[in-house]
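In UniProt numbering, the protein residues as written are 1 to 264.
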């Protein structure tokens, strides 16, 4: 059953990859020949290049914002006890649980009605940061719960300040969690389309928006397949790297635990 479910999910993705090389413009099956023409047209398309640059720009900036805010929130909620901490924790993770269309409508109303701000790529970045921050927050707070606080206490006892302790003791232990959370945030932002639709300016576009706009244009259909393959690859690679980083960090923690048990 698992194999059937995976086949149902990934067979269409494989079909998109094959059609990006299909010489038949109507995508006849089985393919009668293969060509790189559509890939050449995609790289020569000014609209595709502009959309790709915009998607990369939005993903990178929103990831940086998410790393800063997600780390600060995780440390505040894990290290300190204060009134309303559970409520704040719920509010932080809520954006990723809400339907994208609800988040998009809410942010559109906030930007255009309450703040009176014109929609642009910066509104898209802020919108993406609201849910990308959750992936960083979850990774960092999970790592903080497994960290040994005695190392930071020892650093403070030896005279190190707060920032020195964070730079030399806390940050090295959080590094892989931050990298994994940042990669996941980048992947989420890069292929986001629902929230982007409600928060992007009229003259702007990202790669997913470009695909949606050109999906049903016969002349652009072969190029759309190429862009979709690029989107698949750029989305899968960060997720795979994040999974490897998370697995490696768990393995290292387990190895240390076994080593301590053996010494005892």
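We put the beta carbon where it would ideally sit given N, CA and C, even for glycine.
Throw me the rounded Cβ distance for the residue 189 and residue 106 pair, which I believe falls under 8 Å.
Contact flag wrong, Cβ pair sits at about 18 Å.
Looking at the structure shown, is residue 21 part of a helix, part of a strand, or coil, going by DSSP?
Of the three classes helix, strand and coil, the one that applies to residue 21 here is coil, per DSSP.
Among 206, 23, 134, 36, the one whose alpha carbon lies nearest that of residue 63
Distances from the CA of residue 63 to each of 206, 23, 134, 36 were compared; the closest alpha carbon is that of 134.
Whole alpha helix (DSSP H) elements within the stretch 151 to 199, 4-residue minimum:
Runs found: 162 to 165, 171 to 190, 194 to 199.
Could you name each continuous alpha helix (DSSP H) segment of 4 residues or more that falls completely within the stretch 77 to 143, going from the start of the chain to the end?
Restricting attention to alpha helix (DSSP H) runs no shorter than 4 residues, the stretch 77 to 143 encloses them at 85 to 97, 100 to 109, ordered along the chain.
Residue 42 lies in the alpha helix (DSSP H); which residues open and close that run?
37 to 44 is the span of the alpha helix (DSSP H), which, as asked, contains residue 42.
Quick one: any contact between the stretch 65 to 78 and the stretch 172 to 184, if contact means 3 or more CB pairs under 8 Å?
By the Cβ criterion, the stretch 65 to 78 is in contact with the stretch 172 to 184, since at least three pairs of Cβ atoms, one from each stretch, lie closer than 8 Å.
Could you tell me if residue 88 is buried or exposed, where buried requires 16 or more neighbouring beta carbons within 10 angstroms of its beta carbon?
When all chains shown are included, residue 88 counts as exposed.
Tell me residue 34's beta-bridge partners as DSSP assigns them.
Per DSSP, 22.
Among the residues of its own chain, which have a CB less than 8 Å from the CB of residue 92, if the five just before and after it don't count?
Excluding sequence neighbours, residue 92 sits near 73, 77, 133, 134, 137.
Straight-line gap, residue 124 to residue 54 (C-alpha atoms, nearest Å)
Straight-line spacing of the CA atoms in residue 124 and residue 54 works out to 10 Å.
Are residue 215 and residue 224 touching if we call contact CB-CB under 9 Å?
Judged by beta-carbon spacing, residue 224 lies within the 9 Å limit of residue 215, meaning their Cβ atoms are closer than that value.
Could you compute how far the alpha carbon of residue 104 sits from the alpha carbon of residue 50?
Residue 104 and residue 50: Cα-Cα distance of roughly 23 Å.
Which of the three DSSP states is assigned to residue 6 in this structure?
DSSP, reduced to helix, strand and coil, places residue 6 within a helical segment of the structure shown.
What is the DSSP secondary structure of residue 146, counted as helix, strand or coil?
When secondary structure is reduced to three states using DSSP, residue 146 falls in the helix class.
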